[in-house]
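Asker:
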Amino acid sequence: QWEQVKTDMRSAIGAGNFKSWIEPLSLVTTDEGVAHLAAPNPFVGDYVSKTYGDQIIYHLNRHGLSVQRLAFKVESAANTPEKPAAPKAVTPAADARPDQRFTFDNFVVGKPNELAHAAAKRVAEGGPVTFNPLFLYGGVGLGKTHLMHAIAHELGQRRPDLNVLYISADQFIYRFISALRDRKMMDFKQHFRSVDILMVDDIQFLEGKESTQEEFFHTFNALVDQNKQLIISADRAPGEIRDLSERIKSRLQCGLVVDLHPTDYELRLGVLHAKQETYLNVYPGVDIAPGVLEFLAHRISSNVRVLEGALNRLYALASLVGRTVTVEMAQDCLSDILRASDRKLTIEEIQRKVSEHYDIRLSDMLGPKRTRTLARPRQVAMWLCKQMTTRSLPEIGRKFGKRDHTTIMHGVRKIDELRQSDSQIADDLELLRRALED
Ligand code: ADP
Ligand code: MG
Numbered sequence: 028q029w030e031q032v033k034t035d036m037r038s039a040i041g042a043g044n045f046k047s048w049i050e051p052l053s054l055v056t057t058d059e060g061v062a063h064l065a066a067p068n069p070f071v072g073d074y075v076s077k078t079y080g081d082q083i084i085y086h087l088n089r090h091g092l093s094v095q096r097l098a099f100k101v102e103s104a105a106n107t108p109e110k111p112a113a114p115k116a117v118t119p120a121a122d123a124r125p126d127q128r129f130t131f132d133n134f135v136v137g138k139p140n141e142l143a144h145a146a147a148k149r150v151a152e153g154g155p156v157t158f159n160p161l162f163l164y165g166g167v168g169l170g171k172t173h174l175m176h177a178i179a180h181e182l183g184q185r186r187p188d189l190n191v192l193y194i195s196a197d198q199f200i201y202r203f204i205s206a207l208r209d210r211k212m213m214d215f216k217q218h219f220r221s222v223d224i225l226m227v228d229d230i231q232f233l234e235g236k237e238s239t240q241e242e243f244f245h246t247f248n249a250l251v252d253q254n255k256q257l258i259i260s261a262d263r264a265p266g267e268i269r270d271l272s273e274r275i276k277s278r279l280q281c282g283l284v285v286d287l288h289p290t291d292y293e294l295r296l297g298v299l300h301a302k303q304e305t306y307l308n309v310y311p312g313v314d315i316a317p318g319v320l321e322f323l324a325h326r327i328s329s330n331v332r333v334l335e336g337a338l339n340r341l342y343a344l345a346s347l348v349g350r351t352v353t354v355e356m357a358q359d360c361l362s363d364i365l366r367a368s369d370r371k372l373t374i375e376e377i378q379r380k381v382s383e384h385y386d387i388r389l390s391d392m393l394g395p396k397r398t399r400t401l402a403r404p405r406q407v408a409m410w411l412c413k414q415m416t417t418r419s420l421p422e423i424g425r426k427f428g429k430r431d432h433t434t435i436m437h438g439v440r441k442i443d444e445l446r447q448s449d450s451q452i453a454d455d456l457e458l459l460r461r462a463l464e465d
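Heads up: the sequence shown at position 54 corresponds to 81 in full-length UniProt numbering, and the numbers run straight through without jumps.
Here you go:
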């Protein structure tokens, strides 16, 4: 059946795409509606599931396999057996090469990510180290990994002499543990200390992993001492990563810390337009009606990955039914995604919660008085709006009765500062955030 699915996919997406993406896959088993596929590396799996997932599911079903979902696992070349190949855990060759799809060229820049983008660009120039480490943080799917790959990619072109290493914190942990087990700590240390630029993605995974943290800290220091650039990402600010040792936290804060903010409407629309271009090649002759992209950008407020998934599903739908996708069709086909996005927090809800928390009247909090008992909660509310909603600063400003957004910006900055030094504020923010999240 898998062979038949492959044949169908080849005619659906063309020989070129087929060769790069579908050919390398094999179907391992199907089990309770899940088709388990083996991919040569995580990027192929990721890309295929995003781009061709729905089509593959469709064809699997057509050929008599009842499948609702795909699961990818990585199997290195030439059908290695299922068990992870234990002895050769620490091989430089296994380092992930930068993903060709994640470049600066196809990174859409907007207000929410312009700082992160600029900082990443600066590092990618490969000039003298000006800030170390570069710490990128932000919610899921906002482009951290994309930017890191883009840096690696560009450095590969500009400075082929430099030894650039990208690794996820997961992988770092795994390699550390394997090195311990195989008594290859010397190799491990040597490997990580000989790079010129080290990128570690998603370091929140080091939470609670004390010995790995210790090793990470040493690697980190060794590289910084040699003036080698480090780029670190996490899903939250250094100070908010639990169980991370204070030494690491303060080291992380020494460099440049930039956050990727939740997307705004303009950025979402920009991303959709950019992705549409790439889909034109994948699904030739398939069309999406005017207004559909605007509809998506308006209604889907979560991360870029979800946005891409939605667009991809629409293209798959269009190619299946053979006609232009309208807003109504989109509404139908994406009802699950839209529903999930609708549960979003409003500025009003945040304002109300904050006034309750501080036991002040909402009208006072939103009013003009500047006494400290009102001003602080007001700023806390501004900060939370900025962090937890996708509204732009001017939009937030309006809801706080401000004619321009500089007051909001000031408030957000103030809280950003305070939260480092004032543990009461930090606790309040954490509490409020939890309360608002459910
Ligand atoms: P993170 O690592 O922050 O969770 P990723 O970098 O994996 O997020 O991004 C998720 C997906 O969204 C990727 O496919 C990425 O290419 C895409 N993406 C995120 N931000 C942008 C952007 N500004 N422009 C274009 N694509 C983006
Ligand atoms: Mg990531």
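We put the beta carbon where it would ideally sit given N, CA and C, even for glycine.
Since the model is a prediction, treat every value here as computed from it, not as a measurement.
Using the Cα positions of R208 and F244, report the straight-line distance between them to the nearest angstrom.
Answerer: 20 Å
Asker: With distances taken between CB atoms, is the gap from A345 to I364 smaller than 8 Å?
Answerer: no
Asker: Cβ of G170 versus every heavy atom of the ligand ADP: is any distance shorter than 7 Å?
Answerer: Yes, the Cβ of G170 comes within 7 Å of a heavy atom of the ligand ADP.
Asker: Rounded to the nearest angstrom, what separates L250 and V94 at their Cα positions?
Answerer: When rounded, the distance between both Cα atoms is 48 Å.
Asker: In the structure shown, what three-state DSSP assignment does H245 receive?
Answerer: helix
Asker: When you measure from the CB of V88 to every non-hydrogen atom of the ligand ADP, does any distance come out below 7 Å?
Answerer: Note that residue 88 corresponds to Asn in the displayed sequence, not to Val. No, Cβ of N88 sits at least 7 Å from all heavy atoms of the ligand ADP.
Asker: For the ligand ADP, I want to know if N140 counts as a neighbour, meaning its beta carbon is within less than 7 Å of at least one of the ligand's heavy atoms.
Answerer: yes
Asker: Please classify E237: is it buried, with 16 or more other beta-carbons within 10 angstroms of its beta-carbon, or exposed?
Answerer: exposed
Asker: Say yes only if the C-beta of D228 is nearer than 7 Å to one or more non-hydrogen atoms of the ligand MG, and no if none qualify.
Answerer: yes
Asker: Is the beta carbon of L299 sitting closer than 8 Å to the one on L271?
Answerer: no
Asker: Using a Cβ-Cβ cut-off of 6 Å (strictly less than) and excluding sequence neighbours within five positions of S419, which residues of its own chain qualify?
Answerer: Excluding the 5 residues flanking it on each side, S419 has same chain C-beta neighbours closer than 6 Å at D291, in chain order.
Asker: Would you tell me roughly how many angstroms separate the C-alpha atoms of residue 552 and F131, rounded to the nearest one?
Answerer: Outside the shown range of the chain, which is 28 to 465, sits residue 552, and nothing can be said about it.
Asker: What does the alpha-carbon distance come out to for the pair W239 and F203?
Answerer: Looking at the sequence provided, one finds Thr at residue 239 rather than Trp. Near 7 Å, if we compare the C-alpha coordinates of F203 and T239.
Asker: Could you give the distance in angstroms between the alpha-carbon of G318 and the alpha-carbon of A357?
Answerer: 11 Å
Asker: According to DSSP, is L411 part of a helix, a strand, or is it coil?
Answerer: DSSP places L411 in helix when its eight states are reduced to three.
Asker: Confirm, please, whether the CB-CB distance from L182 to G137 is below 8 Å.
Answerer: Their beta carbons are not under 8 Å apart, which means G137 does not touch L182 by this criterion.
Asker: Checking 8 Å against the spacing of the C-beta atoms, do T78 and V309 come in under that value?
Answerer: In this structure, T78 sits near V309, with a CB-CB distance shorter than 8 Å.
Asker: Within 7 Å: the Cβ of A324 and any heavy atom of the ligand ADP?
Answerer: no
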